[in-house]
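Okay, structure first, notes after.
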Amino acid sequence: MFLRDRWYAAALSEELAGKPLARTILGEPVVLFRTDAGAVIALEDRCVHRQAPLSLGTVIGDTLRCGYHGLSFDRTGACVRVPGQRAIPPGARVRAYPAVERQGFAFIWMGDPAEADPATIYDFPYATRAGWRALYARLYAKCNYRLLIDNLMDLSHLAFAHATTIGSMGVAENVDMKVERDGDRVRVTRWMLDIAPAPAHVLATNDTRNVDRWQTIEFTPPGYVWLAVGSAVAGTGIRDGRRDGVLLDRHSLHLITPETQATAHYFWVMTNDAAQVDRTQERILYEQSLKAFNEDLTIIEGQQQRLDSGRPTVDVNADAGVLQVRRVFDRLLDAQNVA
Ligand code: FES
3 MFLRDRWYAA ALSEELAGKP LARTILGEPV VLFRTDAGAV IALEDRCVHR QAPLSLGTVI
63 GDTLRCGYHG LSFDRTGACV RVPGQRAIPP GARVRAYPAV ERQGFAFIWM GDPAEADPAT
123 IYDFPYATRA GWRALYARLY AKCNYRLLID NLMDLSHLAF AHATTIGSMG VAENVDMKVE
183 RDGDRVRVTR WMLDIAPAPA HVLATNDTRN VDRWQTIEFT PPGYVWLAVG SAVAGTGIRD
243 GRRDGVLLDR HSLHLITPET QATAHYFWVM TNDAAQVDRT QERILYEQSL KAFNEDLTII
303 EGQQQRLDSG RPTVDVNADA GVLQVRRVFD RLLDAQNVA
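Listed below in structure tokens is the structure:
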């Protein structure tokens with residue numbers, strides 16, 4: 003079940019160059035394309051003539067021409083040309099979805115178009131912040147999208163799933179954790195003082211001293227998770243607001259979009275302060291993070307297969323954020339179903 007009247011990340015901006023892009027979102031086939039003038043358009047990926055995928059067609063100006071018999075559709079989904087005839091048949095139209103490009107992503111509204119307000123698109127200011135650099139990625143997961151959100155809301159797993167990259171045992175064992183709700187947002191704050199640095203941290207900073215490490219994880223429906231993470235030399239007072247020992251201070255956004263009930267698109271943008279992290283360090287952190295995400299996918303896709311058996315699970319203290327997110331989803335989905 004999906005929340006429909008929401009903006010979802012549909013593509014990275016860099017994916018929308020040249021050919022139309024086929025993407026299934028919330029179970030619906032969508033074609034995204036960029037007009038010659040640069041606007042991002044999203045239409046149903048199904049020609050009204052004989053249902054060929056429009057994503058196999060060609061962008062001409064601000065229209066998309068079907069690759070089978072050449073009917074052309076404008077940004078509203080209306081058929082505007084039929085080869086060999088002047089009249090456009092009544093009802094010759096495909097669904098158009100509101101789409102907006104922002105901060106390196108194309109966002110799509112899958113619900114009632116009348117409710118689509120671009121002002122409610124998720125804002126991640128670090129993606130375009132002066133003096134900061136952003137690196138993007140897209141992954142694909144064979145699991146329900148909510149398992150990816152669970153994964154992000156409980157970062158204790160870094161100690162075990164990512165012991166060779168972004169985790170160390172202190173991330174699971176030495177944690178002072180707080181969970182807060184702010185409307186539909188859930189925020190988990192984790193402090194880990196005087197712990198061993200993760201291998202990725204040592205690779206990027208060449209510093210093996212113990213660290214005070216923090217992770218703030220904020221979930222916003224339907225699938226946005228903002229991670230503010232960093233580390234300072236242990237004992238230099240970062241938790242009291244002193245900044246002189248800071249080694250890394252980073253922000254990333256994870257954008258989880260259901261493809262189907264059983265699969266998901268996973269978009270990501272990692273940002274760093276260019277004055278703190280040079281391009282070599284940035285590349286190390288990017289690659290180590292992606293390696294960790296792929297480790298996650300292996301576990302989560304296996305987890306999905308086991309969960310499909312319907313056997314019960316148990317909860318532990320580290321699940322506090324996960325459980326809060328589940329309550330938010332339950333409430334929002336119940337409200338949607340009543341409406
Ligand atoms: Fe598209 Fe015929 S199926 S024009």
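According to this note's numbering, the stretch in the sequence shown is residues 3 to 341, in order. Beta carbons are placed, not taken as given, at the ideal position from N, Cα and C, and that holds for glycine.
Within a 10 Å sphere around the beta-carbon of A337 sit fewer than 16 other beta-carbons, which makes this residue exposed.
By DSSP's assignment, I168 forms no beta bridge with any residue.
Of the other Cβ atoms in all chains shown, fewer than 16 fall within 10 Å of the Cβ of V318; this residue is therefore exposed. With a cutoff of 8 Å on beta-carbon distance, Y147 and P260 are scored as near each other. Every residue whose beta carbon comes nearer than 6 Å to a heavy atom of the ligand FES appears here in chain order: C49, H51, R52, A54, C68, Y70, H71, G72, L73.
About 6 Å separates the Cβ atoms of V235 and R211, confirming a contact at the 8 Å cut-off. Taken through DSSP and simplified to helix, strand or coil, T282 comes out as helix. When DSSP states are grouped into helix, strand and coil, M155 belongs to the helix group. In this structure, F221 sits near I151, with a CB-CB distance shorter than 8 Å. Under the DSSP assignment, H203 falls in the alpha helix (DSSP H) whose first and last residues are 201 to 207. Under the three-state reduction of DSSP output, T37 falls in the coil class, being neither helix nor strand. Annotation for L14: the continuous beta strand (DSSP E) segment containing it runs 9 to 14. Excluding the 5 residues flanking it on each side, T191 has same chain C-beta neighbours closer than 6 Å at K180, T218, in chain order. Spanning the alpha carbons of V324 and R67 requires a straight line of approximately 45 Å.
Looking at the backbone, the Cα of P115 and that of M3 are separated by about 19 Å. Apart from sequence neighbours up to five positions away, the residues of its chain that approach K293 with a beta-carbon distance below 7 Å are T167, ordered along the chain.
Inter-residue distance for R328 and G225 is about 12 Å (C-alpha atoms, whole angstroms). Setting aside the 5 residues that flank it on each side, L287 is surrounded in the same chain by A206, each with a C-beta closer than 6 Å to its C-beta; the list follows chain order.
If you draw a straight line from the Cα of G247 to the Cα of D209, it is about 12 Å long. Under the three-state reduction of DSSP output, Y138 falls in the strand class. Nearest in C-alpha terms to D275, of all of L160, R285, R135, A121, is R135. Per DSSP, reduced to three states, the secondary structure at E297 is helical.
Excluding five sequence positions before and after G59, the CB atoms of its chain that fall closer than 7 Å to its own CB belong to P22, L66, R67, C68, G69, given in chain order. Residues of the same chain with a CB within less than 6 Å of the CB of H267, apart from the 5 flanking positions on each side, are T259, E261 in chain order. Take the alpha-carbon of F295 and the one of R281: they are about 21 Å apart.
Inclusion of L299 and L149 in the CB contact set at 8 Å is not warranted, their separation being larger than that value. I62 sits exposed, since fewer than 16 C-beta atoms from the chains shown fall within 10 Å of its C-beta.
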